[in-house]
Amino acid sequence: MLALDNDALRAAVSRVRPDPARRARYFLYDILRRNFRALAAVESLRPPLRFAYSVKTNPDGELLECANDAGLYAEVIGPQELDLAHRLGFGSRTVYNGPHPAWRAGDVPGVIFSDSPESFAENARRVEGALVGIRVRPPGVASRFGIAESQLDDIVTAIRSSGRRTTGVSLHVRPQDFGNRSWRQIVASGIDFAREIEKRTGAKVTAFDVGGGKTPVEFDQSLAAGDFAWLLRETLAALAYAHAIFAEPGQAVVTPGAFFVAPVLEIRRYDGAADVVVDAGYPDLPQIHTFPHRVLALAGNDVALLERGNDRILGCTCLEYDVIRDDVRLPAHLDALEAIVIADAGAYDHSMSFDFARGGNRPVDERIGVPGG
Ligand SMILES: Cc1ncc(COP(=O)(O)O)c(C=O)c1O
1305 MLALDNDALR
1315 AAVSRVRPDP
1325 ARRARYFLYD
1335 ILRRNFRALA
1345 AVESLRPPLR
1355 FAYSVKTNPD
1365 GELLECANDA
1375 GLYAEVIGPQ
1385 ELDLAHRLGF
1395 GSRTVYNGPH
1405 PAWRAGDVPG
1415 VIFSDSPESF
1425 AENARRVEGA
1435 LVGIRVRPPG
1445 VASRFGIAES
1455 QLDDIVTAIR
1465 SSGRRTTGVS
1475 LHVRPQDFGN
1485 RSWRQIVASG
1495 IDFAREIEKR
1505 TGAKVTAFDV
1515 GGGKTPVEFD
1525 QSLAAGDFAW
1535 LLRETLAALA
1545 YAHAIFAEPG
1555 QAVVTPGAFF
1565 VAPVLEIRRY
1575 DGAADVVVDA
1585 GYPDLPQIHT
1595 FPHRVLALAG
1605 NDVALLERGN
1615 DRILGCTCLE
1625 YDVIRDDVRL
1635 PAHLDALEAI
1645 VIADAGAYDH
1655 SMSFDFARGG
1665 NRPVDERIGV
1675 PGG
């Protein structure tokens, strides 16, 4: 549903006909819009499931407009993101979920998940008109965010003394922090945490949020495995007053929505293998070592997805680890190779990219398929 398969990726790159001589990032708005609409369609089949797009993952304005047009929530982690979401018209469809205390923002979000009992107390005291909840850290998860089970008494006290009769509970755990547990087991311990809070405070838990962290393929597999149906069943069985159950996908939605074109600068041949040095690198693709990005070769009108092999694609900075791929098979007719396309670059590869060794020259952003919707 959200993932772009190899054939569709090749077709998308061919359709765009990128300039192989120019280092640029291409945003594919038709794919991004498709993904936001797909989420909205899942949501409409499964009330009270709500998807909140995680703004930080890629805060591009047009992309956020696609999320807003699809009726999704915006998940924000700080005042500037909240301001952006409000300027773009998300209104009360905002979920604030970060360690920058929400009460310090000038604006009021729809829902706040506080990162600590201290933050909860201040948010509950100062912010009118928002549901104020707490982020929890499921047992066994090493994280700097949210409250641990050992802080249960503190949050119970804070909720009771706030006088609030409703609250919410959220969690977000990166898959690399799951240990030997499944997503369902992690979420189940979050539900237990929420039930305990409800039982001990008497405040109704009306919102429960499971965060993001899935790649597009993992999200699709999770949907196909019935994880969201399971989530609704389990949450509603345990939390009788829950009327909003949030998931906050970021990278699952936008990863396939951009690719990077890196002109070939040099071809190096040695025994049995070859390297190409390209006009792009780690600063343009800071997630290159976090998950496998598909790569394609551009040669004349030919667009070919590269298979696994012994060749390398090297970035052009002085960073030792600036290796884009070290396990591909470059095309046989290497001299015709004009550029390498690095796909799956629409999420943190964009928002976390940085200026390094370019004298301040950012890559060009090309926007494909924006107008019209
Ligand atoms: C609370 C919360 N929700 C959602 C996300 C989005 O995760 P991703 O973009 O990895 O799906 C994050 C990422 O750090 C997060 O901290």
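Counting along the sequence shown from 1, when you hit position 319 you're at 1623 in my numbering, and nothing is skipped either side. We put the beta carbon where it would ideally sit given N, CA and C, even for glycine.
Pair within 8 Å by beta-carbon distance, GLY1619 and VAL1582: The residue you call residue 1619 lines up with position 315 of the sequence shown. The residue you call residue 1582 lines up with position 278 of the sequence shown. In contact: GLY1619 and VAL1582 (Cβ atoms closer than 8 Å).
Pair within 8 Å by beta-carbon distance, LEU1543 and ARG1499: Counted from its first residue, the sequence shown places residue 1543 at position 239. Counted from its first residue, the sequence shown places residue 1499 at position 195. Yes. Within cutoff.
Whole-angstrom C-beta distance between VAL1558 and GLY1410, which should lie under 8 Å: Position 106 of the sequence shown, counted from the start, is the residue given in the question as residue 1410. Position 254 of the sequence shown, counted from the start, is the residue given in the question as residue 1558. Rounded, the Cβ-Cβ distance is 27 Å, inconsistent with contact.
Start-end ranges of the beta strand (DSSP E) lying completely within the region 1612–1648, minimum 3 residues: 1612–1618, 1627–1632, 1643–1646
Beta-ladder partner(s) of THR1470, from DSSP: Counting from one through the sequence shown, the residue named residue 1470 turns up at place 166. In DSSP, THR1470 forms a bridge with LYS1508.
Contact set for ASP1630: own chain, Cβ-Cβ below 7 Å, skip 5 residues either direction: The residue labelled residue 1630 in the question sits at position 326 within the sequence shown. Same-chain partners within the cutoff: ARG1616.
Spatial distance of TYR1625 from PHE1563 (CA atoms): Here the question's residue 1625 lines up with position 321 in the sequence shown. Here the question's residue 1563 lines up with position 259 in the sequence shown. Approximately 21 Å between the Cα atoms of the pair.
Span separating the alpha-carbon of ILE1438 from that of ASP1588: What you label residue 1438 is simply residue 134 of the sequence shown in a count that begins at 1. What you label residue 1588 is simply residue 284 of the sequence shown in a count that begins at 1. Going from the Cα of ILE1438 to the Cα of ASP1588 covers about 35 Å.
Minimum C-alpha distance to GLU1347 - residue among GLY1554, ALA1533, THR1539, ARG1662: Here residue 1347 refers to the residue found at position 43 when the sequence shown is read from its first residue. The option with the nearest alpha carbon to GLU1347 is ALA1533.
Alpha-carbon to alpha-carbon, ALA1529 and MET1305: Locating residue 1305 in the sequence shown gives position 1, where the first residue counts as 1. Locating residue 1529 in the sequence shown gives position 225, where the first residue counts as 1. Taking the straight line joining both Cα atoms gives about 13 Å.
Candidates GLU1366, ASN1339, ASP1309, PHE1340, of which the one nearest PHE1671 by Cα: Within the sequence shown, the letter at position 367 stands for residue 1671. Looking at the sequence provided, one finds Arg at residue 1671 rather than Phe. Nearest option by C-alpha distance: GLU1366.
Near ligand 1: ILE1476 beta-carbon under 7 Å from a heavy atom: Mapped onto the sequence shown, residue 1476 falls at position 172. Checking the sequence, you will find His at residue 1476 rather than Ile. Within the cutoff, so yes.
Cβ contact check for the region 1372–1390 and the region 1453–1463: 3 or more pairs under 8 Å: no
Cα-Cα separation, GLU1522 to ALA1344: Position 218 of the sequence shown, counted from the first residue, corresponds to residue 1522. Position 40 of the sequence shown, counted from the first residue, corresponds to residue 1344. Each residue's Cα considered, the two are about 18 Å apart.
DSSP bridge partner residues for PHE1563 (one or two, in chain order): Locating residue 1563 in the sequence shown gives position 259, counting from the first residue. For PHE1563, which the question treats as bridged, DSSP gives the partners TYR1330.
Exposure of GLY1506, with buried meaning 16 or more beta-carbon neighbours within 10 Å: Within the sequence shown, the letter at position 202 stands for residue 1506. GLY1506 comes out exposed.
Whether ALA1647 touches HIS1593 by CB criterion (8 Å): By one-based count along the sequence shown, residue 1647 stands at place 343. By one-based count along the sequence shown, residue 1593 stands at place 289. Contact flag unset, no.
DSSP three-state assignment for GLY1437, whether helix, strand or coil: Taking the sequence shown and counting its residues from 1, the one referred to as residue 1437 is at position 133. Reduced to three states, the DSSP call for GLY1437 is strand.
Complete beta strand (DSSP E) runs within the region 1446–1490 (minimum length 3 residues, chain order): 1470–1474
Environment of THR1669 [buried if 16+ CB atoms lie within 10 Å]: Taking the first residue of the sequence shown as position 1, residue 1669 is located at position 365. Checking the sequence, you will find Asp at residue 1669 rather than Thr. Counting Cβ neighbours within 10 Å, ASP1669 comes out exposed, since fewer than 16 surround it.
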